Amino acid sequence: MSSLESEYRLDYFEENDFERKECVSCGAHFWTRDHDRETCGEPPCDEYSFIGDPGFAESHTMEEMREEFLSFFEENDHTRIDPYPVAANRWRDDVLLTQASIYDFQPLVTSGETPPPANPLCISQPCIRMQDIDNVGKTGRHTMAFEMMAHHAFNAREEVGDEYAYEGEVYWKDETVQYCDEFFESLGANVEEITYIEDPWVGGGNAGPAIEVIYKGAELATLVFMSMEQDPDGEYELKDGNRYSPMDTYIVDTGYGLERWTWMSQGTPTVYEAVYPDMIAFLKENAGVDHTDEEEELVHRAAKLAGAMDIDEAEDMQTARSDIAGRLDADPEELTALMRPLEDIYAIADHCRTLAYMFGDGIVPSNVGTGYLSRMVLRRTKRLVDNVGVDAPLDELVDMQAKRLGYENRDTIRDIVRTEERKYRETLERGGRRVRQLAEEFAEKGEPIPTKELIELYDSHGIQPDMVQEIADERDVDVEIPDDFYSLVAARHDTPQQAETTTERDERLSDLPETERLYYDDQERTEFEAVVLDVFEREEGYDVVLDQTMFYPEGGGQPADHGHLSSEDGSVEVTDVQRRDGVILHRTTDDPGKGEFVRGQVDIERRRSLMQHHTATHIVGYAAREVVGDHVRQAGAQKGVERSRFDVTHYERLTREQVEEIERVANRLVRDNIPVKQEWPDRNDAQEKYGFDLYQGGIPPGEQIRLIQVADDIQACGGTHVRRTGDIGAIKILTTEPVQDGVERIVFAAGDAAIRATQETENHLRDAAEVLDVNPEDVPDTAERFFTEWKERGKQIDRLKQELAEARAAADAEEIDIGGTPAVVQRLDTDTDELRATATALSEDGKVAVLGSGAGGSAQFVVSVPDGVGINAGEVVGELAGMVGGGGGGPADFAQGGGPNADDLDEALDEAPGVLRNVLNA
RNA sequence: GGGCCCAUAGCUCAGUGGUAGAGUGCCUCCUUUGCAAGGAGGAUGCCCAGGGUUCGAAUCCCUGUGGGUCCA
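First residue of the first sequence: 205, per the numbering used here; consecutive thereafter.
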């Protein structure tokens, strides 16, 4: 085993008289120019020494500090790159949010598959980290939203030649540390006070030496030298317990926290005051937070110690705070009362910036993915705002940040915030009612509300336990909130992980050359000639590999082509086509013979329909964006022959008017008959020119990507398309449905399928019109009239039955005497409703009623007993129903029942008087 | 993507296999009146849809639809 110690012995340190030391407090190794230094410089070993005493020559705003950084590195031969969206899932599917600048270049650039947009480069990348959410506002230094300023260099070992998308070394450790040092100097920092702490970095299967850069108690930068990958036989064992070995590429990955640097330059009590001065002033004023000079002074001194407030490290907030109070010689409660509103205000400012980033970059609130995260942040922010007593609308607060960040879609952002706020309010109202009900229930029982109910309320209804507590307090009911509440909730979600289905690798397949794809050359051609390179026998049919093909393999939501392969010996049918590692497999019914020349014929009808639907998909997406807004983005798509579906992100249900408008816009584009352009630009050029909206259908690998342009809509797309939009013929939107919160599915048909679909719906209408015997246009009115009349008649029938029943009861029926009470036993052969009404009417006249019916093929009984007569109706019904092979029951004064043997009904009724007497006697 | 919850009068909801209910709102009348209100009577309903179990389903089971919520 070898440690990384030697990795840190840099020439730069040597030449500049640095000394390697071990921190007397925490034991970490670090490098410093100050030979008397004993501690590493990082809290808790050292305190902040820049509060009220800025560490740089000049005070900078966030904007100024960003510019200082970027221009410093530009002057040092780095290319400045525009930031990427905070929604990292737009270009990679393994993470949701951008948490570091290096995320922009994973996985394709770091693996060496794709060249970086520039090398070396510098950037200031907005990031969101939800992990520290509980620290935000409290520690004075944690933020959920931040910008990571960075410079990156992508290197490949000399000996691997041009195997990767970049070659050779740009620069490595010495230069990186030197840049850092020089940047500090350029800002007028006292370089004697900087410490470089050795802190190896491990993450996501990669690792390498790394250095934390500490200045005046604050961690201002991390310099990571990504150079190793996980390898069971590797020579290095790192802190995660895994073994690592060097990789062919090695990458300089730095991170300079813009907020920290800004803070350092200003020396304000907290980072928040340095980065959001205007918003904090506004919130303080709005919430009526006003401090005396002494209070201000106390807050100031507490801030210096607040670094200890990290809920991951501190035992708990309470003790951390009393500890600080003790050291300041202040009353813990007073200090808490003073700090709490400030902490909320800091958090609100930070959260609003997070929301502005999220919605500004096109995230739509939802119950899944990034949308869910945005919903959580928004709700949390709303609670904070209410808690601290800020009465400005949330959409305005978010807009303050969106404006500062320069977003252009501010109206949409505000609209999203308002919609989401309304949904939250509705949830709270619903929840509140539910909790009140529950509280009353348990108040009556005199029991506390059990944990089980709390979990149910939270998990199924989104009600926080403290809200339950609040309402329960009003009703004087106890609540049991266990400490491990959230893990109890998590336990409810424990489901066995499904095993990943591993695709088996075929040795023979990997030896074959990539199939030449003819379908991109001429998307209209359907015939071609090819040589059969190999044939794989499968469980059902054969997989045929050709040297070139016109057949489009399933991909990008477009189903595979069908058709035939013919040779002199005959013809085989192609039923499916798939692409594996560049090799296209044609699934056929028979073996065409390895080495044969074949003529391929693609099923033209199917292909044409698929092309029409595919191009139509792009058009519908474009139209939806035109009509609904720029936040509309593809969330999935599936093309078909008869219909296609296209899922779009949107924060409300689409209205019928919007759908009609989308249809109009889409068909206008069809009528305009504009050409559909295909091109293969360099991916970095395309990205720079069009942004990440290119990748709505997924991220293709490679240095070149294929772009499809229809009007102003440009998409990275591997599918086949018609030549001009007019070739689509027509687009008909069939339905829209919500797939999940924040995502609407638009189902549509294109070309002939659109005509067929329209005819089909029209036929439904005609059929309905025929049944009603009216013209199609009269169907709605007639249907409504019929429905109303139908309801009226139902009521009329009820009334008539009631009258009939009363008339029947009044009519002279044969009465028998049961212990002094008159009883009527009668067969009526009507439905149960009528039996019931008659029996009730008879009993109101003081008679026992035993009524039977054979209507509907089974025997039915209703027995009714007047008040004060000692006969149990339920027992009578039970006896009688038993005789017809069934059962029954009901309350003592009224019961019903029956059985399947209608033939025995009369017999049973004959027995009824006897049964009544028996039950009376009993 | 997965788990859970919900769907009954215009609204908020009760109803766990046996005659569909309450509160509120609505309509009519009365009382009172500056307003608010008070009293009496009345109408509310494909109990989300489809299938199944049962003599019998708002109720139990399955499928679907719509809404909510938690988690990754």
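C-beta: ideal position from N, C-alpha, C; glycine also. Quantities reported herein were computed from a predicted structural model and do not represent experimental measurements.
Taking the alpha-carbon positions, what's the Gln270 to Arg284 distance?
-> The amino acid occupying residue 270 in the given sequence is Arg; Gln does not appear at that position. Cα to Cα, Arg270 sits roughly 12 Å from Arg284.
Just how far apart, CA to CA, sit Gly825 and Gln842?
-> 13 Å
When the Cβ atoms of the segment 821-839 are set against those of the segment 783-793, are three or more pairs found closer than 8 Å?
-> no
Applying the criterion that 16 or more other CB atoms from any shown protein chain within 10 Å of the CB defines a buried residue, is Val1080 buried or exposed?
-> buried
Buried or exposed: where does Gln1100 fall if 16 or more other Cβ atoms within 10 Å of its Cβ makes it buried?
-> buried
Counting along the chain, where does the alpha helix (DSSP H) carrying Cys1127 start and finish?
-> Nothing about residue 1127 can be read from this structure; the chain reaches only from 205 to 1126.
Residues near Ala425 by beta carbon distance below 7 Å, same chain, minus five either side = Cys384, Val417, Thr458, Gly459 and Tyr460
Per DSSP, cross-strand counterpart(s) of Gly759 | Gln762
So, is Gly575 buried or exposed, given that buried needs 16 or more other C-beta atoms within 10 angstroms?
-> buried
The segment 363-376 in contact with the segment 527-534 per 3-pair CB rule at 8 Å | no
Proximity to Arg579 [Cα-Cα], best of Gly946, Glu777 and Thr399 | Gly946
Is Ile653 near the ligand NAP, with its Cβ less than 7 Å from a heavy atom?
-> This structure does not include the ligand NAP; it has no bound ligands of any sort.
Whole-angstrom C-beta distance between Gly759 and Gln901, which should lie under 8 Å = Checking the sequence shown, residue 901 turns out to be Gly, not Gln. At roughly 10 Å, the Cβ-Cβ gap does not stay under 8 Å, so Gly901 and Gly759 are not in contact.
Can you give me the Cβ contacts of Arg1127 inside the same chain, cut-off strictly under 7 Å, excluding the 5 residues immediately before and after it?
-> With the chain covering 205 to 1126 only, the question about residue 1127 has no answer from this structure.
Rounded to whole angstroms, what's the CA-CA distance from Glu499 to Met543? Just pull it up for me.
-> 10 Å
Those residues which DSSP pairs with Asp1021 across a bridge | Pro1026
Hey, Gly1089 and Gly1103 are a contact pair by Cβ (cut 8 Å); roughly how many whole angstroms apart?
-> 4 Å
Identity of the residue in Glu1111, Leu577 and Pro1026 nearest Asn293 by Cα | Leu577
What residue ranges within the segment 549-617 form continuous alpha helix (DSSP H) runs of no fewer than 4 residues, ordered along the chain?
-> 573-592 and 598-608
Sequence-distant residues of its chain with Cβ nearer than 6 Å to Val572 (five each side left out) = Gln944
Comparing alpha-carbon positions, which option in Phe740, Val806 and Pro763 lies nearest Val787?
-> Phe740
Mind checking Thr705: buried by the 16 CB within 10 Å criterion, or exposed?
-> At Thr705 the pLDDT is 40, less than 50, meaning the model places this residue with poor confidence; the figure from the coordinates comes in the next sentence. When all chains shown are included, Thr705 counts as exposed.
Taking three-plus beta-carbon pairs below 8 Å as touching, is the segment 392-401 in contact with the segment 229-244?
-> yes
Tell me whether Ser305 is buried or exposed, calling it buried when 16 or more other Cβ atoms sit within 10 Å of its Cβ.
-> buried
Can you check whether the CB of Leu769 is closer than 8 Å to the CB of Gly804?
-> yes
Are there three or more Cβ pairs, one per stretch, closer than 8 Å when the segment 462-470 is compared with the segment 435-443?
-> no
By how many angstroms is the C-alpha of Ser315 removed from the C-alpha of Gln303?
-> 19 Å
Provide the residue span of the beta strand (DSSP E) that contains Leu789, from first to last.
-> Val787 to Thr792
Round the Cβ separation of Leu1032 and Ser1062 to the nearest angstrom and send it over; I've been treating them as touching at under 8 Å.
-> Not a contact, Cβ separation roughly 14 Å.
What are the partner residues of Pro879, as DSSP defines its beta bridges?
-> Arg928
Could you name the residues of the same chain whose beta carbon sits closer than 8 Å to that of Pro905, not counting the 5 residues immediately before and after it, in chain order?
-> Leu312, Glu317 and Thr318
Exposure of Tyr724, with buried meaning 16 or more beta-carbon neighbours within 10 Å = exposed
Residues bridged to Gly666 by DSSP?
-> DSSP output for Gly666 lists no bridge partner at all.
Check the C-beta distance from Leu559 over to Val589 and give it rounded, since I have them as a contact under 8 Å.
-> In fact, because the Cβ distance is near 12 Å, the residues do not count as touching under 8 Å.
Which stretch, first to last residue, makes up the alpha helix (DSSP H) that contains His504?
-> Asp497 to Leu509
What is the rounded straight-line gap between the Cα of Thr853 and the Cα of Cys227?
-> 52 Å
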